[in-house]
Amino acid sequence: MTGEPADLVLAERRGPVLVLTFNRPGKLNAWTDDLEDRYFSLLVDAEDDPDVRAIVVTGAGRGFCAGADLGRLQTVGDVSDADLLRPRPRDLPATLRKPLVGAINGVAAGLGMVEALYCDVRFASASARFTTAFAKRGLIAEYGISWLLPRLVGRSRATDLLLSSRMVDAEEALRIGLVDHLVPDGAVVDAAVAYAADLAAHCSPTSMAVIKTQLQNDADGTYADSVARAEGLMLQAFRGADLVEGVQSHLDKRTPVFPSLPVRSSHVPV
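Counting from 1, one number per residue, gives the positions in the sequence shown under our numbering.
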């Protein structure tokens, strides 16, 4: 891999929200190793920045991300096992402790759709479109989408979308649960930032991080296991300062002041 050109993913602070923009508009923000390096580095930095409480990701121009750069795929047959090794886990965006909000402004295809699904909450513009694309490129369901997609839209719909690679427009995406909010073209980033800013202003970073972990850990367990784990986590919460601040700020009718997350020593999921 080469370096991390700063113009491949733009970073803009809007108060406590970091907005990251895939910036290859002439290629519909097609994914490259350099773009991945830049994006993941910015995510890791945001995790360790106490002033960043939430992250929004979007794309420049007409696309969110059109998937892997097809020019790169033309030579993929020459790739060795060593070439597939990565300095960071491929699903790093899904392991963040801080909220990651997608502002899907256009086409999200293949790997681009996976990146959209890694987001905790997804806003879509009216012109957004989604396709898994893998089966039409001679590929398989990549990077965990066969786990993620059925949990959002159900097994039958996920099978349809993965086998057919058909295009899903924004209205259908909202109807089947692929996205959470549908907004007019041109307003998707502002809507996503407003949502992220509300989380940053009113919600405990520690609570959100723990809840994200619960959602991940409880996805395949039993109800009883979930309740048992929650009991232990509740005890920790009852002993924490965030509960005191959350209750007191509510009684005082003021915005809570929650501490930032501590720096995480490792960014490999546990």
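The beta-carbon is built from N, C-alpha and C at its ideal position, and this holds for glycine as well.
- Here residue 130 is not near residue 183, since their CB atoms are 7 angstroms or more apart.
- In this structure, residue 127 sits away from residue 49, with a CB-CB distance that is not shorter than 7 angstroms.
- A residue is called buried once 16 or more other Cβ atoms fall within 10 Å of its Cβ, and residue 101 is buried on that count.
- For the 7 angstroms CB-CB criterion, residue 66 and residue 112 form a contact.
- Secondary structure note for residue 238: its alpha helix (DSSP H) is the uninterrupted segment 223-238.
- Taken in chain order, the complete alpha helix (DSSP H) segments of 4 residues or longer contained in the segment 140-183 are 145-153, 155-164, 170-176.
- Residue 14 carries a strand assignment under DSSP once its states are collapsed to helix, strand and coil.
- In the assembly as shown, residue 257 is an exposed residue. Its beta-carbon has fewer than 16 other beta-carbons within 10 Å.
- Taking the Cα positions, residue 207 is about 11 angstroms away from residue 259.
- Around the C-beta of residue 63, 16 or more other C-beta atoms lie within 10 Å, and the residue is accordingly described as buried.
- Around the Cβ of residue 263, a 10 Å sphere holds fewer than 16 other Cβ atoms; the residue is exposed.
- Around the beta carbon of residue 252, fewer than 16 other beta carbons sit within 10 angstroms, so the residue counts as exposed.
- By the criterion of a C-beta distance shorter than 6 angstroms, residue 39 is surrounded in its chain by 9, once the five residues flanking it on both sides are discounted.
- For residue 57, the closest alpha carbon among the candidates 115, 41, 109 is that of 115.
- Taking a cut-off of 8 angstroms on C-beta distances, the segment 87-107 touches the segment 139-150, as three or more cross pairs fall below it.
- Annotation: the continuous alpha helix (DSSP H) that includes residue 207 extends over 205-217.
- When only Cα atoms are considered, residue 200 and residue 125 end up about 23 angstroms apart.
- Relative to residue 13, the option among 35, 24, 46, 32 whose CA is nearest is 46.
- Residue state for residue 106 is assigned as coil, using DSSP reduced to three classes.
- Between residue 97 and residue 209, the beta carbon gap of about 4 angstroms places them in contact (Cβ cut-off 8 angstroms).
- The distance from the Cβ of residue 42 to that of residue 20 is about 6 angstroms, consistent with a contact at the 8 angstroms cut-off.
- Pairing residue 249 with residue 157, the inter-Cα distance amounts to about 44 angstroms.
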